[in-house]
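K.L.:
2 protein chains.
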Amino acid sequence: MSIEKTSDRALSQTVKAQLALRELVLRGALNPGERVSELQMVERLGVSRTPVRMALVRLEEEGLLEAIPSGGFAVKAFSEKEVFISIEIRGTLEGLAARLAAERGVGRSELLEAAACLDEIDEVVRREMLEIDLSQYVELNARFHRILIDMADSPPLARQIERASALPFASASALVPVQSRSPELHHILTVAQDQHRCVLTAIERREGSRAEAIMREHARIAHRNLERALTNQRDMDLVPGSALIKRRIRA
Amino acid sequence: MSIEKTSDRALSQTVKAQLALRELVLRGALNPGERVSELQMVERLGVSRTPVRMALVRLEEEGLLEAIPSGGFAVKAFSEKEVFISIEIRGTLEGLAARLAAERGVGRSELLEAAACLDEIDEVVRREMLEIDLSQYVELNARFHRILIDMADSPPLARQIERASALPFASASALVPVQSRSPELHHILTVAQDQHRCVLTAIERREGSRAEAIMREHARIAHRNLERALTNQRDMDLVPGSALIKRRIRA
DNA sequence: CCTGAGCAGACTGTATACAGTTAACGCGCT
DNA sequence: AGCGCGTTAACTGTATACAGTCTGCTCAGG
Chain A
0 MSIEKTSDRA
10 LSQTVKAQLA
20 LRELVLRGAL
30 NPGERVSELQ
40 MVERLGVSRT
50 PVRMALVRLE
60 EEGLLEAIPS
70 GGFAVKAFSE
80 KEVFISIEIR
90 GTLEGLAARL
100 AAERGVGRSE
110 LLEAAACLDE
120 IDEVVRREML
130 EIDLSQYVEL
140 NARFHRILID
150 MADSPPLARQ
160 IERASALPFA
170 SASALVPVQS
180 RSPELHHILT
190 VAQDQHRCVL
200 TAIERREGSR
210 AEAIMREHAR
220 IAHRNLERAL
230 TNQRDMDLVP
240 GSALIKRRIR
250 A
Chain B
0 MSIEKTSDRA
10 LSQTVKAQLA
20 LRELVLRGAL
30 NPGERVSELQ
40 MVERLGVSRT
50 PVRMALVRLE
60 EEGLLEAIPS
70 GGFAVKAFSE
80 KEVFISIEIR
90 GTLEGLAARL
100 AAERGVGRSE
110 LLEAAACLDE
120 IDEVVRREML
130 EIDLSQYVEL
140 NARFHRILID
150 MADSPPLARQ
160 IERASALPFA
170 SASALVPVQS
180 RSPELHHILT
190 VAQDQHRCVL
200 TAIERREGSR
210 AEAIMREHAR
220 IAHRNLERAL
230 TNQRDMDLVP
240 GSALIKRRIR
250 A
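Heads up: the sequence lines are chains A and B, in that order. The numbering of the first sequence is numbering that gives the first Met the number 0, which starts it at 0 and goes up by one. The numbering of the second sequence is numbering that gives the first Met the number 0, which starts it at 0 and goes up by one.
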């Protein structure tokens, strides 16, 4: 009504509001702890109160907002510990997925698809020493993780992992960009990729327990990246949603 | 407006609708796969469309409903496998909680509270051989699990476990009543209680890995109960929400 | 100058009206 | 009699109006 009217025809107002609001929160346009006023969002997003309300509820379920006792929602602030445990939760669930995949056994075609994805990552990592653009790696990494989760063939688990990855810095590749300035970049990517290969081998050989352990440890790479980001503001800025993380010291 | 007007003053319409709708779904008043019409619920619950809509969204996040592509929601039907994996997810997360509790170390007062809870359960189990009422056991069991989760001191993990336990038959004590007719009842409760004691000891001694393994195995008792319920309709009827589970054979 | 009470503003929770779309039902044609 | 098409009815998505409540500010009293 106020901004634009002739775009995004196919998108429902609710989805539009949800995307826009998430973007605002992750960009740090709204300060953590701050109340998110419906009416303000109405004029900021150009949709009416109903879809805004809907978006608020969904983002609260997603974990980006929290309900205020007296009503309404506020931007959630995350402590370092909360981020840490969120990563651990994701790793645990992905570990479970890997174990299930190994125990049930996966078809040849799925294994080949995963292997092909890993080959592509290999290629990117090899080039990576020269080029700094990580976007392709991030995308391929996300794809491999998705393939892995699909291998478990368990919608409820997939859903739960999606939940766990909703916190922006908890997802599989959210903290990868932190290493972009690091000389260790190639080292880290090499190790991560080796874990990818190992877990796939384990699944192929039906070694459930091993597959699980590898995926758990794999997620802990994010712990290291988090540690690094927390001590370096410049690295922090590379992470979407970093504004939501309470800094260690603020003096 | 249609049914009653002078009750539940303190409850918001949204919460009222959510509770009533959940009750309807779990009782099996709505058939799995069936669309849940907003207007029908309006006249059935006595609140207007807005709170009903809100309740529908929340119950979908909870996992009891699923979105219909063309709009609206339908009652979700669960396959045997989905129930199985849901239990496994809960066990895995509770295992993580136990490990975290062990690794961080918990205070004396918390340990004592948990031990006191276990003593109460002991008493109930001892009596249980005569009396058939399991409600007290179910309540105490839930309390112990809650204490355990609190020991991890991780709100994000607690939240995720709550999510995983939202599916009625996935929660810690949903399938306990299945055993109420069984001569094995005392046996099962004894084993479960031993696991409770063991996990508490493990946490006390900071044996994280052991605590985790025990909690995982502990959850798998529910697998057995599920197995039993699936082969016996009479047992099945004791489980709230059993109407949502697709039976093995339906001929 | 400080404290407490009252008032005003804003904000959320709720209800309902409206429009676009989907789906079902019935009728006609083959 | 079966199939396809058109019409109709219901349902969801959206917008907005209304009422209760909480918060924060101001003014008066100590």
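Beta carbons: idealized from backbone N, C-alpha and C, even for Gly.
What residue from F168(A), T91(A), E33(A) has the CA that sits closest to A66(A)'s CA?
P.N.:
Of the candidates F168(A), T91(A), E33(A), the one whose C-alpha sits nearest the C-alpha of A66(A) is E33(A).
K.L.:
Touch check for the region 71 to 91 of chain A and the region 154 to 169 of chain A: three-plus C-beta pairs under 8 Å?
P.N.:
In short, these stretches touch, since the Cβ pair count reaches three.
K.L.:
Against V56(B), what residues of chain A qualify as contacts under a CB-to-CB distance less than 9 Å, listed in chain order?
P.N.:
Under the 9 Å cutoff, chain A gives M53, V56, R57, E60.
K.L.:
Enumerate in chain order the residues of its own chain whose CB-to-CB distance from V46(B) is below 7 Å, with the five nearest sequence positions on each side excluded.
P.N.:
Excluding residues within five positions, the ones whose Cβ falls inside 7 Å are Q12, K15, A16.
K.L.:
What are the boundary residues of the alpha helix (DSSP H) that V190(B) is part of?
P.N.:
From DSSP, the alpha helix (DSSP H) with V190(B) extends over 184 to 203.
K.L.:
Any idea if D234(B) is buried or exposed, counting beta-carbon neighbours within 10 angstroms, 16 or more meaning buried?
P.N.:
Result: buried.
K.L.:
A67(A) by DSSP, collapsed to three states: which one?
P.N.:
With the sequence shown as reference, residue 67(A) is identified as Ile, and Ala is not the correct amino acid for it. Coil, per DSSP.
K.L.:
Would I148(B) pass as an interface residue toward chain A - the criterion being a Cβ-Cβ separation below 7 Å?
P.N.:
By this cut-off, I148(B) is not an interface position.
K.L.:
Which whole runs of the alpha helix (DSSP H) in the region 142 to 186 of chain A are 4 residues long or more, in chain order?
P.N.:
Entirely contained in the region 142 to 186 of chain A, the alpha helix (DSSP H) runs reaching 4 residues are, in chain order, 154 to 163.
K.L.:
Using the beta-carbon of each residue, which ones in chain B are nearer than 7 Å to I84(A)?
P.N.:
By Cβ distance, chain B contributes S153, P155, L156.
K.L.:
Looking at L156(A) and A201(A), is the spacing between their C-beta atoms short of 7 Å?
P.N.:
In this structure, L156(A) does not lie closer than 7 Å to A201(A) by Cβ.
K.L.:
Who are the near neighbours of S1(A) in its chain, counting only those whose CB is closer than 7 Å to its CB and skipping five residues on each side?
P.N.:
Caution is warranted here: a pLDDT of 34 is assigned to S1(A), below 50, making its placement in the model unreliable, and the coordinate value is therefore given only provisionally. Counting only Cβ-Cβ distances below 7 Å, and skipping sequence neighbours, we find E42, G45.
K.L.:
Do H217(A) and Q194(A) have their CB atoms nearer than 7 Å?
P.N.:
Yes, Cβ-Cβ distance for H217(A) and Q194(A) is below 7 Å.
K.L.:
Mind listing which residues of the region 177 to 199 of chain A have their C-beta closer than 7 Å to chain B's C-betas, in chain order?
P.N.:
Per Cβ criterion, the list is empty.
K.L.:
Whole angstroms is fine: what's the gap from M150(A)'s alpha carbon to S108(A)'s?
P.N.:
Cα to Cα, M150(A) sits roughly 11 Å from S108(A).
K.L.:
With C-beta atoms as the reference, is E37(A) less than 7 Å away from V51(A)?
P.N.:
Contact: yes.
K.L.:
Step through the CB atoms of chain B and report whether any lies within less than 7 Å of the CB of I88(A).
P.N.:
Cβ-Cβ to chain B under 7 Å: yes for I88(A).
K.L.:
Can you tell me whether L10(B) is buried or exposed, with buried defined as 16 or more other CB within 10 angstroms of its CB?
P.N.:
By the 10 Å Cβ count, L10(B) comes out exposed.
K.L.:
Residues of the region 160 to 172 of chain A with a CB closer than 9 Å to any CB of chain B: list them in chain order, please.
P.N.:
Listed in sequence order: R162, A163, L166, A169.
K.L.:
Count the other CB atoms, across all protein chains shown, that sit within 10 Å of the CB of A163(A); report buried if there are 16 or more and exposed otherwise.
P.N.:
So A163(A) ends up on the buried side.
K.L.:
Would Q135(A) count as contacting chain B if we go by Cβ distances under 7 Å?
P.N.:
No, no contact with chain B.
K.L.:
Can you give the Cα-Cα distance for T5(A) and F72(B), rounded to whole angstroms?
P.N.:
In this prediction, T5(A) scores a pLDDT of 35, lower than 50, which makes its location untrustworthy; the coordinate-derived value is nonetheless stated afterwards. So the two alpha carbons sit approximately 29 Å from each other.
K.L.:
Just to confirm my understanding: we take A114(A), look at its own chain, exclude 5 residues before and 5 after, and list those with CB closer than 8 Å. What are they?
P.N.:
So the list reads L199, once near-sequence residues are dropped.
K.L.:
Would A54(B) and L20(B) qualify as a contact pair, given that the criterion is a beta-carbon distance under 7 Å?
P.N.:
Yes, the Cβ-Cβ distance between A54(B) and L20(B) is below 7 Å.
K.L.:
I'd like to know if L20(A) contacts chain B, where contact means its C-beta is closer than 7 Å to some C-beta of that chain.
P.N.:
Not an interface residue.
K.L.:
Would T91(B) count as contacting chain A if we go by Cβ distances under 7 Å?
P.N.:
It does: the Cβ of T91(B) has a partner Cβ on chain A nearer than 7 Å.
K.L.:
Mapping DSSP to helix, strand and coil, what is A54(B)?
P.N.:
Note: A54(B) maps to helix in three-state DSSP.
K.L.:
By the three-class DSSP mapping on this structure, what secondary structure does V238(A) have?
P.N.:
Coil at V238(A), not helix or strand.
K.L.:
Please report the residue range of the beta strand (DSSP E) in which F72(B) lies.
P.N.:
Counting along the chain, the beta strand (DSSP E) containing F72(B) begins and ends at 72 to 74.
K.L.:
Check for me: the alpha helix (DSSP H) holding A228(B) runs from which residue to which?
P.N.:
Its alpha helix (DSSP H) spans residues 207 to 229.
K.L.:
In the DSSP assignment, what are the bridge partners of R34(B)?
P.N.:
Its beta-bridge partners are A73(B).
K.L.:
Enumerate in chain order the residues of its own chain whose CB-to-CB distance from A101(A) is below 7 Å, with the five nearest sequence positions on each side excluded.
P.N.:
Cβ within range, chain order: A201, I202, R205, E206, G207, A210.
K.L.:
Are the beta-carbon atoms belonging to V124(A) and Q192(A) less than 7 Å from one another?
P.N.:
Yes, the pair counts as a contact, with Cβ atoms nearer than the cut-off.
K.L.:
Return the CA-CA distance between R23(B) and A173(B), expressed in angstroms with no decimal places.
P.N.:
According to the sequence displayed, residue 23(B) carries Leu and not Arg. Using only the alpha carbons, I get a separation of about 17 Å.
K.L.:
Between the alpha carbons of L133(B) and D236(B), how many angstroms are there, rounded?
P.N.:
Looking at the two C-alpha atoms, the distance is approximately 15 Å.
K.L.:
What in chain B is Cβ-close to E81(A), meaning under 9 Å?
P.N.:
Result: S153, P154, P155.
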